[in-house]
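J.: Take a look at the following structure, please.
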Amino acid sequence: MPEKRNRGLAFFLLKTFFYKILLDKSSVLSMLGL
Numbered sequence: 002m003p004e005k006r007n008r009g010l011a012f013f014l015l016k017t018f019f020y021k022i023l024l025d026k027s028s029v030l031s032m033l034g035l
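Next up, the structure:
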């Protein structure tokens with residue numbers, strides 16, 4: 002089932018991208034002193 006594997010990979014990439022945005026936002030807020 003290659004399509005199921007692709008869906009899992011897409012979900013993994015999306016989750017990684019989402020966590021990266023959250024980490025970047027929190028680091029930026031900490032730099033601003035908020």
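Residue numbers for the sequence shown follow the working numbering, so the first one is 2 and each next one is one higher. By construction, the Cβ of each residue, glycine as well, lies at the ideal position given by its N, Cα and C atoms.
1) If you draw a straight line from the alpha carbon of L14 to that of G34, how long is it in whole angstroms?
2) Would you identify the three-state DSSP class for G9, choosing helix, strand or coil?
3) Measuring only the C-alpha atoms, how far is K26 from R6?
T.: The structure says:
1) 30 Å
2) helix
3) Their Cα atoms are separated by approximately 30 Å.
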